[in-house]
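Taken in order, these protein sequences are the chains called A and B.
To convert, count from 1 in the first sequence and add 5; that's the working numbering.
To convert, count from 1 in the second sequence and add 5; that's the working numbering.
Below: one structure, written as structure tokens.
2 protein chains.
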Amino acid sequence: MDRPYDVFDDRCPTRLVLDRLADKWSLLLLDRLDAGPVRFNQLRRDIRGLSQKVLSQTLKRLERDGLVERTVRPTVPVSVDYALTPLGRTLTDTVAAFAHWAERNMDAVIAAQTAYDTALAG
Amino acid sequence: MDRPYDVFDDRCPTRLVLDRLADKWSLLLLDRLDAGPVRFNQLRRDIRGLSQKVLSQTLKRLERDGLVERTVRPTVPVSVDYALTPLGRTLTDTVAAFAHWAERNMDAVIAAQTAYDTALAG
DNA sequence: GAAACAAAGTTTCCGATAGATACTAGGGAG
DNA sequence: CTCCCTAGTATCTATCGGAAACTTTGTTTC
């Protein structure tokens, strides 16, 4: 294997990236932004359960990692919108696959959980 | 949209699943198990930085969700191995895509981070 | 027969993180 | 003048992750 990076090695920088991406809110944000630029409060409304603080932090990290671009427009009041960068767009298929696997396989997962729990109880 | 589940809704059970999957250790474990059954301490050695406690917890959750199967074999001392279930195997392509995106795009991410940090400093 | 080792965990403790809530700043509407 | 909009920041607490010690069952070593 001549890959320069290895996710199984904890000293490898890919771990830092995986840490960022392997996060519920990051995935939901990337998935939501796939449809086009969205403003801060719109994201907050669309992604139910996401607090302002965590939204702010998560967007900042995604921006720093070059996946999301932040644009301030001088409207009144000022509006800010967030969009995927080209790099971010290379991830969206994978992210969408993930989010939608959960939707497709939910029933199987619930069945497995129920079976597991009743096996423990019995 | 006639999809029964919606990840953007916080009352939707898919959120619970996404929570499980959108986790660094779960992804690394699923990726590692793709190659075949592996024993507990082997996983601990292979996935650098993963503590016993978190390995144990993560495996338990993945087992409960029906993604991983735990098999105890009556060797001396007893050995336990973990393998993907058929349901778990439906995820591996996506998981691998994720883990390996990090490896492929690491350089771009580092460049973005550096640019971001120097822009803030300057 | 006591000491040490091995597998697969569990328990304990502590510092970091997430979530809820409240607050800030710069305007605009009533 | 007061409330409401934008896009956040500040604070507080509960939970979570990581490190290391301990447990259990049994084996090998001295």
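Ideal placement from N, C-alpha and C gives every residue a C-beta, glycine not left out.
Fair warning: this is a prediction, and the values are worked out from it, not measured in the lab.
What beta strand (DSSP E) runs, 3 residues minimum, are completely inside the segment 47–124 of chain A? 73–78 and 84–89
Is any beta-carbon of chain B found at less than 8 Å from that of A/V59? no
DSSP three-state call for B/R16: helix, strand or coil? coil
Contact set between the segment 40–55 of chain B and chain A, restricted to residues whose Cβ is under 7 Å from the partner: Sequence-ordered contacts of the segment 40–55 of chain B with chain A read D51, I52, R53 and G54 [C-beta pairs closer than 7 Å].
Does DSSP classify A/D28 as helix, strand or coil? strand
Rounded straight-line distance, which links the Cα of B/R49 to that of B/D24: Here the C-alpha atom of B/D24 lies approximately 22 Å from the C-alpha atom of B/R49.
I want to verify the contact list: residues of chain A whose CB lies under 9 Å from the CB of B/A88, in sequence order. Under the 9 Å cutoff, chain A gives no residues; its nearest Cβ is about 15 Å from B/A88.
Would you say B/E68 faces chain A, with C-beta separation under 8 Å as the test? yes
For A/E74, would you say it is in contact with chain B, using Cβ-to-Cβ distances shorter than 8 Å as the test? no
Measure from the C-beta of A/Q62 to each C-beta in chain B and report whether the shortest distance is under 8 Å. no
Counting only Cβ pairs nearer than 8 Å, list the residues of chain A close to B/T99. T99, A102, F103 and W106
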